[in-house]
Amino acid sequence: MKNNILEISNLKVFPKVNTEKKLVNSITFNVQRGKTTCIVGESGSGKSLTALSIMQLLSQQLDLSGKILFKGSNLCKMDSETIRRKRGNEIAMIFQEPMTSLNPVLTIRYQIEESIMVHTNLSKKQLGIRVNELLNLVAINPDRANSYPDELSGGQRQRVMIAMAMSCNPDLLIADEPTTALDVTVQSQILELLGQLKKKLKMSMLFITHDFGVVSDIADDVIVMYQGKIVEQGPVDLILNKPKHPYTKALLQCVPDALGKKTLKPIDYKKLERAMAAI
Amino acid sequence: MSYLLSAKNLSKQYTQTQGFFSRKKTVINALDNVSLNIKKGSTLAIVGESGSGKSTLARSLIRLVNIDKGQIIFDGKDFLSLKSSALKIMRKNIQMIFQDPYASLNPRMKIQLIMEEPLLVHNVGAKIIKQKIDVMIKRVGLNISDLDKYPHQFSGGQRQRIGIARALILEPKLVICDEPVSALDVSVQAQIVQLLKSLQKEFGLTYLFITHDLRIVRHIADEVVVMRHGKVVETGKTDIIFQNPKTSYTKKLLASIPGIKKPT
Chain A
0 MKNNILEISN LKVFPKVNTE KKLVNSITFN VQRGKTTCIV GESGSGKSLT ALSIMQLLSQ
60 QLDLSGKILF KGSNLCKMDS ETIRRKRGNE IAMIFQEPMT SLNPVLTIRY QIEESIMVHT
120 NLSKKQLGIR VNELLNLVAI NPDRANSYPD ELSGGQRQRV MIAMAMSCNP DLLIADEPTT
180 ALDVTVQSQI LELLGQLKKK LKMSMLFITH DFGVVSDIAD DVIVMYQGKI VEQGPVDLIL
240 NKPKHPYTKA LLQCVPDALG KKTLKPIDYK KLERAMAAI
Chain B
0 MSYLLSAKNL SKQYTQTQGF FSRKKTVINA LDNVSLNIKK GSTLAIVGES GSGKSTLARS
60 LIRLVNIDKG QIIFDGKDFL SLKSSALKIM RKNIQMIFQD PYASLNPRMK IQLIMEEPLL
120 VHNVGAKIIK QKIDVMIKRV GLNISDLDKY PHQFSGGQRQ RIGIARALIL EPKLVICDEP
180 VSALDVSVQA QIVQLLKSLQ KEFGLTYLFI THDLRIVRHI ADEVVVMRHG KVVETGKTDI
240 IFQNPKTSYT KKLLASIPGI KKPT
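Residue numbers (numbering that gives the first Met the number 0), protein chains in the order written: chain A, 0 to 278; chain B, 0 to 263.
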């Protein structure tokens, strides 16, 4: 069990006013140390809620039950101060929209410094050095440090977000659709960068996406979610090549491929429900 | 060969001003001698990264952007010399589907009104309007009862269906699709692509399809134009471009498709 950096068991997320309505319905999975686990699903499948519950950043109107063990300690039982120290330090998160997650009136240097200052006591000079280091790490020229977010392209902004997430060498990085808003060429750069960083810093990654193409590029393990439940999980090769669950099969058929001339098949939800009921 | 639309040597420059009193001026070539032809009933895809000028091209083809130089022939007529009243009639034949189904529908208008507006603008008789809207809303997979709702009551895919219905209600000849599926989930993406394909067959539509996702291109386009920095880099039949790309830029684009394992 030491191999798992994150162990989630029976996680449920529900609105406080209607505890019967399970948005995430009793999911159990592990993230192995140094591995990338991908959560795949459509919008509304509960994948982002799962990520937010790990960070303990769920909306006030939602509540959760179950266990989230991070390096052996239960995140759900911690007080907000302890969680705050872990957040950004041991667990970091990058979001889908680099345009809206950066503060437009602060320079990127200030924003990266801020995330370091919260968790360490570096001197001003050391801070400057560290920011330059981080920008180099994500392949942005440190000369750009005094730029404002609107002076950067979408890909560069996402790199800044990654630099901020890397600032304290997190053990676990949660990436919520980090490339969905980006061009294909920029997407492949960002995916490559994340892969390199993962190796270099021996990080574990929980990667959320709806694109199976991205999954096959980056994942070690895959979790497929549908309507708040995990319908299938396993190593990436197995899931992509020999999917067992009808939903995984249907979802794979929606993905356009550039190689063959496979016809796109939208999910037939009625057929799917019948197939699922038969299991 | 009959082309529905052919554009020759389109150029458009933007001037960017910087510095104190905007004294520093830089010229950006958004379109640099771009030519293209679209055959009737076919789909032409324009591919490129952001900033490559593909959206400027699309906008200039319906004269939402006025170009500096060049010629556009649509359906045998010189499109650029048309005066406003004639332009209005011609525009009926070119409709656009936008990328962002959240931003391109007026949040304070009911779907009924959203669908009605293009018909009213083009003076379609009141009796036919109701009938047309009912037929079209069903054709894109929604219900007549949905006409009484507001855009926020729909999901992203449903909103894109409304956008498609609004574009097609005037029975256009050419539909310009500006990244119509980029903002959608894969499962919804597949639905919308299939819908666009079946509508094309049914109404004999011609599509100009703008996207940065080459996987979608393979599924929908007959021909491809690859753009970079306002210039056309490569053009040709979809299969040929995919199997035998000539320029290094096209090769790079193809290599960045997720899911294609790079040789390491």
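For glycine and all other residues, C-beta sits at the position ideal for the given N, C-alpha and C. Quick caveat: nothing in here was measured; it's all calculated off a predicted structure.
Check: Give a yes or no on whether the C-beta atoms belonging to residue 175 of chain A and residue 69 of chain A are separated by under 8 Å.; Outcome: no
Check: Helix or strand or just coil, what does DSSP make of residue 164 of chain B?; Outcome: helix
Check: Taking the straight line between their C-alpha atoms, what separation do you get for residue 77 of chain A and residue 22 of chain A?; Outcome: 23 Å
Check: Nearest chain A C-beta to residue 213 of chain B closer than 8 Å, yes or no?; Outcome: yes
Check: According to the Cβ coordinates, are residue 8 of chain B and residue 28 of chain B closer than 8 Å?; Outcome: no
Check: Where DSSP assigns a beta bridge to residue 75 of chain A, which residues make up the other side?; Outcome: For residue 75 of chain A, which the question treats as bridged, DSSP gives no partner whatsoever.
Check: Judging by CA-CA distance, which residue of A:7, A:192, A:189 is the nearest neighbour of residue 74 of chain A?; Outcome: A:7
Check: If we ignore side chains and look at the alpha-carbon of each, how far apart do residue 227 of chain B and residue 91 of chain B end up?; Outcome: 30 Å
Check: To the nearest angstrom, how far is the alpha carbon of residue 223 of chain A from that of residue 122 of chain B?; Outcome: 50 Å
Check: Evaluate the contact criterion for the stretch 67 to 80 of chain B versus the stretch 208 to 216 of chain A: three or more CB pairs, one atom per stretch, below 8 Å.; Outcome: no
Check: Which bits of chain B does residue 222 of chain A rub up against, with CB to CB less than 7 Å?; Outcome: Those do not exist, as residue 222 of chain A stays about 16 Å from chain B at its closest Cβ, beyond 7 Å.
Check: For residue 87 of chain A and residue 130 of chain A, I'd like the C-alpha separation in whole angstroms.; Outcome: 15 Å
Check: Provide the residue(s) that pair with residue 38 of chain B in DSSP beta bridges, ordered along the chain.; Outcome: B:2
Check: Any Cβ of chain A within less than 8 Å of the Cβ of residue 56 of chain B?; Outcome: no
Check: What residues from the stretch 180 to 192 of chain B come within 8 Å of chain A, judged by C-beta to C-beta, listed N to C?; Outcome: 184, 185, 186, 187, 188, 189, 190, 192
Check: Check each residue of the stretch 193 to 215 of chain A: if its Cβ is closer than 9 Å to any Cβ of chain C, include it; give the result in chain order.; Outcome: Of the chains in the structure shown, none is chain C; the protein chains are A and B.
Check: Can you name the residues of chain A whose CB is closer than 7 Å to the CB of residue 218 of chain B?; Outcome: 255, 263
Check: Below 7 Å on C-beta distance, what does residue 106 of chain B contact in chain A?; Outcome: In chain order: nothing, as chain A lies at least about 19 Å away.
Check: Compare the C-beta of residue 175 of chain A with all C-beta atoms of chain B and state if any pair is closer than 8 Å.; Outcome: no
Check: How would you write the range of the alpha helix (DSSP H) that residue 234 of chain A sits in, first residue to last?; Outcome: From DSSP, residue 234 of chain A is part of no alpha helix (DSSP H) but of the beta strand (DSSP E) over 228 to 234.
Check: Could you tell me the alpha carbon to alpha carbon distance between residue 104 of chain B and residue 122 of chain A, rounded to whole angstroms?; Outcome: 51 Å
Check: Could you give the first and the last residue of the continuous beta strand (DSSP E) run that contains residue 234 of chain B?; Outcome: 230 to 236
Check: Pick from A:124, A:140, A:132, A:180: whose alpha carbon is nearest that of residue 168 of chain A?; Outcome: A:132
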